[in-house]
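If you read the protein sequences in the order shown, they are chains V and R. So the first sequence is numbered by the numbering used here: it starts at 619 and just counts up by one. So the second sequence is numbered by the numbering used here: it starts at 18 and just counts up by one. Shown next, in structure tokens, is the structure this report addresses.
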Amino acid sequence: MDATKDIARKKDISQSPELTQQGPTLTPVVDIYENNDEILLFADLAGVSKEDLTINVENDTLRLTGNRNLDAPGTAYFEEFCGCNFHREFSLPQGIDVERVNAELKDGLLKLHMPKSAALKPRQIEIKAE
Amino acid sequence: MWTSLNEFDRMFQNMDLLRRRMDRLFPETERGWAGWPVMAEVNKWPRINFYDAGDSLQFYAEMPGLSEKDISVKLQGDFLEISGELKSQAPEGYSVHRIEREAKSFARSFSLPVQVERDNIKATLKNGILSLSLPKAESAKPKQITINPA
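Structural data, given as structure tokens:
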């Protein structure tokens with residue numbers, strides 16, 4: 619179930635896709651890491667496949683939208699998670715290189731790489747002795 | 018002051034009573050440590066859906082980011098246990114802005130309401146959802162009973 623490719627990098631001003639599912643909207647949990655070259659985001663999206671996920675980077679906002687459907691074969695003894703929509707938004711610092719954003723969705727875990735453009739990378743400023 | 022403490026006590030006793038009544042809605046399906054019923058706040062990860070599909074029992078567990086080697090599913094008699102470890106996936110050399118997914122080990126166990134055929138159990142992991150299909154033993158399947166006219 620490997621899915622290593624660019625998912626959706628929309629830069630237009632479209633709205634989030636219309637929600638055709640009933641069901642609650644949940645906020646997926648995320649981990650955010652950063653190093654000199656990129657910002658890295660992990661998101662828990664169990665049950666969401668590539669086709670059901672949209673990643674939108676526009677105007678310094680990152681928007682994750684997805685949905686999942688679950689089988690419900692028969693009567694339930696108990697149900698602790700449900701088919702639902704996912705949605706979460708983040709503000710990004712200026713200077714993310716949108717062209718090079720890439721994402722991987724595997725085993726329900728989204729790994730989103732957001733490389734920094736040269737302007738955002740830390741730069742040592744040389745002090746000239748006078 | 019002593020009277021107001023009493024009020025609190027009574028309030029908490031009522032809440033305990035309510036909680037005990039609600040715990041009894043799910044009797045014996047979940048065993049915690051040493052057989053005591055599990056508290057609601059503890060040990061509810063990963064989340065699980067449990068269905069009776071007529072001929073089989075179906076379990077679904079929500080476990081994003083885990084692969085087959087991180088999960089262990091064990092059946093002992095009528096007792097099913099799902100356990101494993103979610104390892105921290107912090108990459109090397111990165112500073113951390115935010116962690117909402119903690120590394121942890123988990124174990125949830127259930128006593129199954131019916132007998133199942135041990136040799137035909139199917140488990141698949143897709144998109145972070147573990148599906149377990151436990152076919153019921155013949156004697157436990159629903160059986161249509163014909164009514165004979167007298």
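Note that beta-carbon positions come from the ideal geometry of N, C-alpha and C, so glycine has one too.
- Three or more Cβ pairs closer than 8 Å define a contact, and the stretch 709 to 716 of chain V falls short of that threshold against the stretch 75 to 84 of chain R.
- DSSP places residue 84 of chain R outside any beta strand (DSSP E), giving it a letter other than H or E.
- The three-state reading of DSSP puts residue 109 of chain R in coil, since its state is none of H, G, I, E or B.
- Contacts between residue 727 of chain V and chain R, judged by CB atoms closer than 7 Å, involve 81, 82, 145 in chain order.
- Residues of the stretch 87 to 121 of chain R with a Cβ closer than 8 Å to any Cβ of chain V, in chain order: 106, 107, 108, 110, 111, 112, 113, 114, 115, 116, 117, 118.
- Rounded to the nearest whole angstrom, the CA to CA distance from residue 166 of chain R to residue 160 of chain R is 19 Å.
- Chain order gives the chain R residues near residue 648 of chain V as 115, 117, 118, where near means a beta carbon separation below 8 Å.
- DSSP places residue 675 of chain V within a strand segment (E or B) once states are collapsed to three.
- With a cutoff of 8 Å on beta-carbon distance, residue 726 of chain V and residue 145 of chain R are scored as near each other.
- By the Cβ neighbour-count rule, residue 34 of chain R is exposed, with fewer than 16 other Cβ atoms within 10 Å of its own.
- Counting the other CB atoms within 10 Å of its CB gives residue 743 of chain V a total below 16, which places it among the exposed residues.
- Taken atom to atom, the span from the alpha-carbon of residue 103 of chain R to that of residue 70 of chain R is near 30 Å.
- Rounded to the nearest angstrom, the gap between the Cα atoms of residue 156 of chain R and residue 99 of chain R is 25 Å.
- Contacts between residue 667 of chain V and chain R, judged by CB atoms closer than 8 Å, involve 144 in chain order.
- Contact between residue 642 of chain V and residue 704 of chain V is absent: CB atoms are separated by about 10 Å, not below the 8 Å threshold.
- Between residue 125 of chain R and the set R:141, R:36, R:27, R:76, the nearest pair of CA atoms involves R:76.
- In its chain, beyond the 5 residues on either side, 80, 99, 100, 101, 142, 147 have a beta carbon closer than 8 Å to the beta carbon of residue 88 of chain R.
- Interface criterion not met: the Cβ of residue 740 of chain V is under 8 Å from no Cβ in chain R.
- Distance between residue 111 of chain R and residue 734 of chain V, taken at the CA atoms: about 14 Å.
- Proximity of residue 138 of chain R to chain V, defined by a Cβ-Cβ separation below 8 Å, is not satisfied.
- In the assembly as shown, residue 669 of chain V is an exposed residue. Its beta-carbon has fewer than 16 other beta-carbons within 10 Å.
- Rounded to whole angstroms, residue 650 of chain V and residue 707 of chain V show a C-alpha spacing of 13 Å.
- Note that the C-beta distance between residue 666 of chain V and residue 659 of chain V is not below 8 Å.
- Per DSSP, reduced to three states, the secondary structure at residue 648 of chain V is strand.
- It is roughly 6 Å from the alpha-carbon of residue 72 of chain R to the alpha-carbon of residue 152 of chain R.
- In terms of beta-carbon proximity, residue 157 of chain R stays away from the interface with chain V, with every pair separated by 8 Å or more.
- Per DSSP, the continuous beta strand (DSSP E) segment holding residue 99 of chain R begins and ends at 96 to 103.
- The three-state reading of DSSP puts residue 158 of chain R in coil, since its state is none of H, G, I, E or B.
- Ranked by Cα distance from residue 128 of chain R, the first of R:97, R:113, R:26 is R:97.
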